[in-house]
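Asks: Residue numbers (this note's numbering), protein chains in the order written: chain A, 1 to 269; chain B, 1 to 706. Sharing a structure here in structure tokens format.
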Amino acid sequence: MTLPETFIFTQQNLQDYIDCNRRFYLREILKLEWPAIESEPVREQEELILLGTQFHLLCQQFFLGIPVEDLSDQITNLELQVWWQNFLKLDFKSLNGTLSSEKLISIPFAGFRLAAKYDLLLRDLNGKNFIYDWKTSKHQPQRKYLVERMQSKIYPLVISKYIGAKRFDTDFNPESIDMIYWYPAFPNTPISFGYSKVQFEADQTGLEKLIYEINKKKEPDFVLTEREKTCSYCRFRSLCNRGVTAGVSDQQEIDFQATNAFNFDFEAL
Amino acid sequence: MNFDDLSPAQQEIVRLPLQTKVFLHGQAGSGKTTAAIHRMLGLIDQGIPAESVLVLVPQRSLAQGYRDVIRTPNSRAGGEPAILTIGGLAQRMIALFWPIVAKNAGFKNPTRPPQFLTLETAQYYLASIVEPLLQKGYFESVTVDPNRLYSQILDNLNKSAVVGFAPDEISQRLIQAWAGKASQSVIYEQAQECALLFRKLCLQQDLLDFSLQLSIFTDHLWTSFLCKKYLTSTYRHLIYDNAEEDYPVAHDIIAKWLPDFESALILSDTEAGFRSFMGADPVSANSLGDQCSKKVEFCNSLVKTHPLDNLESALSRSLIEHRLDGHFDSDVESSFSIHPFRFYPQVIDWIVKQVSELLINQNVTPNEIVILTPFLSDSLRFSFYTRFTECGIPINTFRPSRSLRDEPAVKTVITLAKLAYPIWALKPSKDEVRTALMLTITDCDYVRADLLTQILYSSASGSLRSFDPVKKEMQQRLTYTIGERYEKLRRWLEQNSNQGTLELDFFLSKLFGEILSQPGFKFHENFDSASSVNRLIESCRKFRQTMTDGTLINEASISKEYIRLVDEGILAAQYLSDWAGKSQSDSVLISPAFSFLMSNRPAKYQFWLDIGSQGWWTRLDQPLTHPYVLNRNWARGQLWTDAQEYSTNQKTLARVTTGLIRRCSDHIFMCSIGINEQGNEERGALVMAIQTILRKLKTTAGGKHV
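Shown next as structure tokens:
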């Protein structure tokens, strides 16, 4: 199988591939709409997604310069109010540097494009680059879990290559990049990662290999995952004969990128 | 296409100095969009941040070429140009700047988030206003389906927003142009009253339909310092394609915005404006040319042949002047052929055979062929689908307003929901239950589904009985396997009925995932059914989320209300199909002519179906509104007469045929049908105009056409 030239790789679809080759095939290549419930409790999941959407919007509005009082007036949910106050304590207004919020960047990579959407990019006066990602889940995962996520590999890589290309600087130093997962519900324990040239090269090689592998595969090669527990949290479980009811997710992190308001197709309305 | 493959005129556009504002006009197929795409790439190659480029189009389908090119690996690293419609831009800005605009825009609860209404939720809220008025005798003299009544009232509001006049002027404008009986003025006034009541409700409950979104953007956001600063600093370069298909208010905004852009390229097709019934205004689009420092015209078509060029001219003259005087080039004969048939099935069989011939013997690829019709009905689509599938030819259809509630999968899940919730007292009929069982249970044919329904469905209580007590002989006849599957479904419905509190969209998702898409049930591996149910669930979820935030009905009644409104045709009646991507697939396209024109792509061969149909000519009957009167170019006080109706329809048809021919590069097969789908004989304006050409051909060159 050869993917269309306009196919865009993202942390979400590559994570799908890692979790289950078949899911990637169904979701990204067949673009199959399969309206089963992903995980339970479904109402709580929906509420959390809506709350996450509102929080991301508030942050973006904040960086656009809308007065804080006007934004605070919009909040009626108590939990969101706490998150918002925690965010304000980060005091981004007093930081010196360049800020960009909700920024989409894509790079040519392994014969396709690789894209990342950043909640906040901050470049301070010392030339240090910080990638902030707002994580609005109610549980904070272990650092080890985040290290292995595709997002932790792709976000620093894309920004490194972008800055390098922008400055025509092939020797751009990835060590100037920090990735910070910030949880408004756990404001004092952000999980941050430094980046390095070694990591950059390892990620680049690994991702190139992964994309090459995907593009080379034929339909039957997109096999079901061997970790059947994954299927409890996958909407395609009935199609794959891997169970009936959705699993109860208490620890699993909701991947906000999948439901982000700014991935929402405004024009479709 | 590489830069070197571009024509000199196109290369000149790409190479224009950075700080240039150009108005590029010319006929469809002259290479304007290709030039603009290369201009966009050229800007990015010069180091302009891609995200500072705004590509504005009147309809999403017109932007496919831009989307595809920026997603190729050849594009530079960076952001993406914003590809938007003016409506999309308005909605995006409202979402971002709501906290500073809501109060000034007159919303009663400015601290609540905005509720963007879809067409169907707007119709729902409007229905809540209009239904009591209908009881009082409003719109008594109008024979029109309530849905069409609601859509025309909303259309009036949309026209006021896109043309740029106050909603309280709607009836006055319509009455001034009305040349018929005076009693019609009451209808126009009632339509306006409903529109104004709807607007009031929107302001009270923070609801935003399309018209209000656009008005807020033009009246409040565009004038807000913060929003304007954001827009003018974010977007520094403009590419505005098919400006002639956009609204005058969009042109007004661009006219004001233009001085702030560093560069601009505005593209306009001549002899177009196909969306004029939606408010498109080629006249105001052309006025943008006066604000550009340079005007360029692309005169030559890169698509059509000389004979097709002559056909375009002959058909246009024949439609507008009803005769073909003067010079007439007989090479037109090779550009088209007429194929008469008595009945519809004959023409469908012939087209399929002809398409096979083109694909097999002439090495044509499927996406070089389009079959065009004024309207695409379900039965016609099905007939083509069946015959093409038998021949192994892939097809694809554009049908932008396909009715979701008519999809069998949607009807099935709604019937099952009614069975699960007897508390709603919406008992399904035996017919509905039989169809639902037949479409749900694997191996359950019509006879078995009918037996199950007769024996096990109580229409009095609206519930299903257990399979177990059924006599053994009957169980054997129905088969134990089907009995087991039936029981699984029944028990699941009963169990979830007992829960009773699950929101309808969640209920449908569970039903789909836990039963219908499991092995033993027919939605398993049925991707079309899955897609239809998915869209129903999305519609249902949007309805619930809008209603939960509103105050019209209590939360417990939302599911029942949704089903009732689907049954009445108010909800799930329309949705926009996703055209993106489909147009590129390697398949024969079957499409209404208008949808094809809005996909901005040429085809080598076109089949025009039923050229005698009045559908090519007649505009929709809209007793509550008027697209040409609620228009900026209409002189107020003038009467809309039959002569104007006739002349406008002729001009519109000439525009459509011109647009189609300009998107054809080889040959048009024109099919006439003696008896149409409804069993009538028609001789519409298109066939008459073609006959004029045939008569002329006969006198000039002894033409071979029938």
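Cβ atoms here follow ideal geometry from the backbone N, Cα and C, with glycine treated the same way.
Could you name the residues that DSSP lists as bridge partners for B:Val296?
Replies: DSSP output for B:Val296 lists B:Leu24 as bridge partner(s).
Asks: Does chain A have any CB closer than 8 Å to the CB of B:Ala689?
Replies: no
Asks: So the beta strand (DSSP E) B:Gln291 belongs to, where does it begin and stop?
Replies: From DSSP, B:Gln291 is part of no beta strand (DSSP E); its letter is neither H nor E.
Asks: Thinking C-beta only, is B:Asn147 closer than 8 Å to B:Ile563?
Replies: Result no, Cβ atoms of B:Ile563 and B:Asn147 do not sit closer than 8 Å.
Asks: Evaluate the contact criterion for the segment 104-113 of chain B versus the segment 123-137 of chain B: three or more CB pairs, one atom per stretch, below 8 Å.
Replies: no
Asks: For A:Thr98, tell me which candidate among A:Asp133, A:Ser238, A:Glu228 and A:Leu125 has the shortest Cα-Cα distance.
Replies: A:Leu125
Asks: Applying a beta-carbon distance threshold of less than 7 Å, which residues of chain C neighbour A:Ser196?
Replies: This model lacks chain C altogether, as its protein chains are A and B.
Asks: Can you find a C-beta in chain B that's less than 8 Å from the C-beta of A:Ile154?
Replies: Output row for A:Ile154: interface = no.
Asks: How about B:Met1: is its C-beta nearer than 8 Å to some C-beta of chain A?
Replies: no
Asks: Among residues of its own chain, excluding the 5 on either side of B:Val370, which ones have a beta-carbon nearer than 8 Å to its beta-carbon?
Replies: Val588, Leu589, Ile590, Ser591, Phe596, Ala603, Tyr605, Gln606 and Phe607
Asks: Given this structure, state the Cα-to-Cα distance separating A:Lys229 from B:Arg535, to the nearest angstrom.
Replies: 28 Å
Asks: Give the single residue among B:Arg275, B:Thr501, B:Phe23 and B:Ser466 whose Cα lies nearest to the Cα of B:Ser293.
Replies: B:Phe23
Asks: May I ask which residues mark the beginning and end of the beta strand (DSSP E) holding A:Tyr118?
Replies: Phe112 to Asp124
Asks: Return the first residue and the last residue of the beta strand (DSSP E) that B:Asp269 is part of.
Replies: Ser263 to Asp269 is the extent of the beta strand (DSSP E) around B:Asp269.
Asks: Who are the neighbours of A:Leu120 on chain B, taking C-beta pairs under 9 Å?
Replies: Near A:Leu120 there are no residues of chain B at all, since even the closest Cβ is about 15 Å away, more than 9 Å.
Asks: Tell me the rounded alpha-carbon separation between A:Gln11 and A:Ser152.
Replies: 9 Å
Asks: Could you check whether B:Ile441 and B:Arg477 sit closer than 8 Å to each other, using their CB atoms as the reference points?
Replies: no
Asks: Would you mind telling me which residues of chain B sit closer than 8 Å to A:Ala116, beta carbon to beta carbon, in chain order?
Replies: Here the premise fails: no neighbours, minimum Cβ distance about 11 Å.
Asks: Please check if any C-beta of chain A sits within less than 8 Å of the C-beta of B:Trp579.
Replies: At B:Trp579, the pLDDT of 43 sits below 50, so the modelled position is not reliable and the matter cannot be decided from this model.
Asks: For B:Asp586, which residues in chain A fall below 7 Å Cβ to Cβ?
Replies: Chain A residues near B:Asp586: none, gap ~12 Å exceeds 7 Å.
Asks: Just tell me which of B:Arg236, B:Ala182, B:Gly87 and B:Glu312 has its CA closest to the CA of B:Tyr247.
Replies: B:Gly87
Asks: Counting only C-beta atoms, is B:Gln518 closer than 8 Å to chain A at any point?
Replies: yes
Asks: How do the segment 80-100 of chain B and the segment 17-27 of chain A stand: do at least 3 beta-carbon pairs fall below 8 Å, yes or no?
Replies: no
Asks: Tell me, please, whether the CB atom of B:Leu380 is closer than 8 Å to any CB atom in chain A?
Replies: Not an interface residue.
Asks: For a test of the three-state rule: what should DSSP assign to B:Pro592, helix, strand or coil?
Replies: strand
Asks: Below 8 Å CB to CB, which residues in the same chain sit around A:Val223 once its five sequence neighbours on both sides are set aside?
Replies: Cβ neighbours of A:Val223 beyond the five flanking positions: Asn21 and Arg22.
Asks: Quick one: grab the DSSP three-state call for B:Ile611.
Replies: coil
Asks: Between which two residues does the beta strand (DSSP E) containing B:His237 stretch?
Replies: His237 to Tyr240
Asks: Would you verify that the beta carbon of A:Thr6 is, or is not, closer than 8 Å to some beta carbon of chain B?
Replies: yes
Asks: Return the Cβ separation of A:Ser238 and B:Ser517 in integer angstroms, given the expectation that the two are a contact with Cβ distance under 8 Å.
Replies: 4 Å
Asks: Report the rounded CA-to-CA distance for B:Lys295 versus B:Lys228, giving the unit in angstroms.
Replies: 27 Å
Asks: State the Cα-Cα distance for the pair A:Leu88 and A:Cys59, rounded to the nearest angstrom.
Replies: 9 Å
Asks: Buried or exposed for B:Lys542, please, with buried defined as at least 16 other CB atoms from any protein chain shown within 10 angstroms of its CB.
Replies: Buried.
Asks: Give me the Cβ distance between B:Phe398 and B:Ser599, rounded to the nearest whole Å; I'm assuming they're in contact under 8 Å.
Replies: The Cβ separation is near 7 Å, so the contact holds.
Asks: Work out the CA separation of B:Leu308 and B:Ser335 for me, nearest whole Å.
Replies: 5 Å
Asks: By alpha-carbon positions, which one of B:Gly462, B:Cys391 and B:Ser7 ends up nearest to B:Asp349?
Replies: Among B:Gly462, B:Cys391 and B:Ser7, the Cα nearest to that of B:Asp349 belongs to B:Cys391.
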